[in-house]
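A.B. asks: Once you've had a glance at the structure underneath, I'll fire off some questions.
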Amino acid sequence: NAGVTQTPKFRVLKTGQSMTLLCAQDMNHEYMYWYRQDPGMGLRLIHYSVGEGTTAKGEVPDGYNVSRLKKQNFLLGLESAAPSQTSVYFCASTETGGSYNEQFFGPGTRLTVL
Amino acid sequence: GESVGLHLPTLSVQEGDNSIINCAYSNSASDYFIWYKQESGKGPQFIIDIRSNMDKRQGQRVTVLLNKTVKHLSLQIAATQPGDSAVYFCAENSRYSSASKIIFGSGTRLSIRP
């Protein structure tokens with residue numbers, strides 16, 4: 034199993050450009066998450082999904098959109114990138130919901146917005 | 055409000071010594087705690103977890119201690135090795151919330167002196 038994979042690994046955008054980050058998991062997990070990690074800070078939840086076709090807002094959803102058309106994929110979109118969105122983005126998945134579930138993380142995507 | 059934080063942002067230990075990383079939480083409803091290890095350029099990796107009905111849990115070279123009275127948990131790493139160099143995060147969740155409510159601390163960087 035590859036676990037959780039993310040593409041691309043690195044990306045540089047100009048302010049106002051758009052892009053989509055792809056997350057894929059091969060563990061048949063129901064729940065998937067997008068986080069951002071800024072220097073000296075913990076992970077902050079952007080959006081999450083509790084199953085195929087569902088999405089929900091997390092702690093910092095503004096400026097981002099997501100889609101979960103297939104169970105194994107969770108896409109994070111930036112419609113009009115801003116320098117404040119410069120960050121490292123992590124995708125994660127869990128088998129089910131509930132509190133006692135280990136989250137499996139992808140390797141991250143480092144995004145710079147100029 | 056809810057918060058999960060760490061007493062020290064950095065910790066330097068001699069190779070072979072034991073490491074102790076501390077974490078404080080403020081949500082009395084938290085009943086599940088997780089420690090993650092994040093190596094440079096990688097996503098967080100699950101180390102060990104503990105439920106609130108336990109005070110101590112041991113893994114391979116790692117021990118997590120939970121003190122619910124003072125809302126404090128710690129991660130102990132025995133015989134610290136160079137490969138233990140990483141940022142360590144604590145995270146907490148509550149049985150009354152879903153996995154989407156996991157709250158991450160800001161992390162402690164552990165460095166190993168030869």
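Here the protein sequences line up with chains A and B, keeping their order. Anchor point for the first sequence: position 110 equals 143 in the working numbering, and the numbering is continuous, going up by one each time. Anchor point for the second sequence: position 67 equals 121 in the working numbering, and the numbering is continuous, going up by one each time. Ideal placement from N, C-alpha and C gives every residue a C-beta, glycine not left out.
1. What residue does the beta strand (DSSP E) around Ala78 of chain B start on, and which one ends it?
2. In this structure, does DSSP put Gly36 of chain A in helix, strand or coil?
3. Taking beta-carbon pairs under 9 Å, can you tell me which members of the region 54 to 68 of chain A lie near chain B?
4. DSSP three-state call for Cys71 of chain A: helix, strand or coil?
5. Taking only the alpha-carbon atoms, compute the straight-line gap between Lys90 of chain A and Ser82 of chain A and give it to the nearest angstrom.
6. Quick one: what does DSSP say Asp59 of chain A is sitting in, helix, strand or coil?
7. Answer yes if the region 124 to 139 of chain B comes into contact with the region 70 to 83 of chain B, meaning at least three C-beta pairs across the two stretches below 8 Å, and no otherwise.
8. Please determine, among A:Asn34, A:Ser113, A:Val146, A:Thr38, the residue with the shortest C-alpha to C-alpha distance to Trp67 of chain A.
9. Just reading off the beta strand (DSSP E) that Ser100 of chain A is part of, what are its end residues?
10. From the DSSP output, read off the bridge partner residues of Ile156 of chain B.
C.D. replies: In terms of the structure at hand:
1. 73 to 79
2. coil
3. Tyr64, Tyr66, Tyr68
4. Looking at the sequence itself, residue 71 of chain A is Asp, so the reference to Cys does not match. Note: Asp71 of chain A maps to coil in three-state DSSP.
5. 9 Å
6. coil
7. yes
8. For Trp67 of chain A, the nearest C-alpha among the options comes from A:Thr38.
9. 98 to 100
10. Under DSSP, Ile156 of chain B takes part in no beta bridge, so it has no partner.
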